[in-house]
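One structure is given below, encoded as structure tokens.
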Amino acid sequence: MSSTSQEKGFCLLVSREAEGPGATPSPPGSVVRFTEDGRSVVFKGESHVEKVQVWKPTHLALECSWTGSLNKRPNITGFWRKDGSELTDSRLAAPLENQQYTLRRTFSIADEESLGNYSCVFDNEAVVDFILAAPRVGEGRDTPIVRYVGHSVVLKCKMEDPKPKPNSWNWYRANKTEKELIDPEATPLRYRIENMEGKTQLTVRNLTEADGGAYFCGAVYDIGVTVSRVDLRVIGFMEPLKPFLVVVAEAVVLVCVVLLYERGKARGSPHTGGTQDVSCGAQTDSTPRQRKV
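Just so you know, we're using the working numbering here: the sequence shown kicks off at 1049 and counts up by one.
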């Protein structure tokens, strides 16, 4: 977990950490088991951002305390927002206690839709944003992986320490605007997936140009799936030669232009005595030959 503050101040974190991600997802129709967790922030200034990792259903208690402005009033109005929208029945009076105002609320985070930005707002003067998200997969490559037609490629993803390890991994391939799940059992000669504790890799064999595109690895947690993108480019063996062939073609065109220019210049110049046929390189004399008798 990490936090950043946009104003100078201090932050006190109090956390009751949930258990590790070893449990498997609950089957459909079963009772969802929640863990207990909490975050508490004390800040001054106008804003503070707190990032919270959630990887399983959790009753999450959020508490934020604001030291207020210079002119402190006995009471101010506070409320909560979810993704920018004010939550119903969340407005209440926050009294000044120990030179600070405090808001508390417990949220039930059950699935991916429950994640997002939860904000406590003090009288529209100060705000704390709690950004709830599942652990993110390590940063992907900035450039695509390049392989030749007919070869194989291994695409890799990793959940970096000390982030909790996912329950399992999935691989997807971009299909227009959707992600298509890759099933290696359906095409074992083409795909192979190997999952380790915090790593996964997808092997694609006998590549064709159609295999190029975006691939996604998905880390599966009880709360949802987080994905990372890997781009693949498949090229033919002639592809690296294209720049060289372009240069050669340009050189040939340039030589032809120079030869045509020189030929035209030679034809247009006056000659005394004879003319030359530049097309074949042989000289001819316009003076009639004397035939020996």
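Even glycine gets a Cβ: it sits at the ideal position worked out from N, Cα and C.
Just so you know, these numbers come straight off a predicted model, no measurement behind them.
Handout entry: Beta bridge counterpart(s) of Asn-1218 as assigned by DSSP
Key = Gly-1266
Problem - Burial state of Glu-1098 (16 or more Cβ within 10 Å) - result: buried
Handout entry: Contact check, Arg-1253 vs Arg-1238, beta carbons under 8 Å
Key = yes
Problem - Continuous beta strand (DSSP E) stretch holding Gln-1249: start and end - result: 1247 to 1252
Practice task
Classify Lys-1313 as buried or exposed, calling it buried when 16 or more other Cβ atoms lie within 10 Å of its own Cβ.
Solution key: exposed
Handout entry: Rounded straight-line distance, which links the Cα of Val-1175 to that of Ser-1276
Key = 31 Å
Exercise for the section: Give every residue of the same chain whose Cβ lies closer than 8 Å to the Cβ of Gly-1272, excluding the five residues on either side of it in the sequence, and list them in chain order. Expected result: Asp-1159, Glu-1160, Leu-1163, Ala-1182
Practice task
Have a look at Pro-1214 and Phe-1155 and give me their C-alpha separation to the nearest angstrom.
Solution key: 23 Å
Problem - Residue from Asn-1165, Lys-1206, Leu-1229 whose Cα sits closest to the Cα of Gly-1246 - result: Lys-1206
Practice task
Determine the direct distance from the alpha carbon of Phe-1091 to that of Cys-1112, and round the result to whole angstroms.
Solution key: 8 Å
Practice task
Determine the burial state of Ala-1267: buried for a count of at least 16 other Cβ atoms within 10 Å of its Cβ, exposed for fewer.
Solution key: buried
Problem - Bounding residues of the beta strand (DSSP E) (the contiguous stretch that carries Asp-1279) - result: 1273 to 1283
Handout entry: Extent of the continuous beta strand (DSSP E) to which Arg-1184 belongs
Key = Counting along the chain, Arg-1184 falls outside any beta strand (DSSP E), and DSSP gives it neither H nor E.
Practice task
Could you have a look at Asp-1159 and say whether DSSP puts it in helix, strand or coil?
Solution key: coil
Exercise for the section: Look at Arg-1129 and Val-1169 and say whether their C-beta atoms are less than 8 Å apart. Expected result: yes
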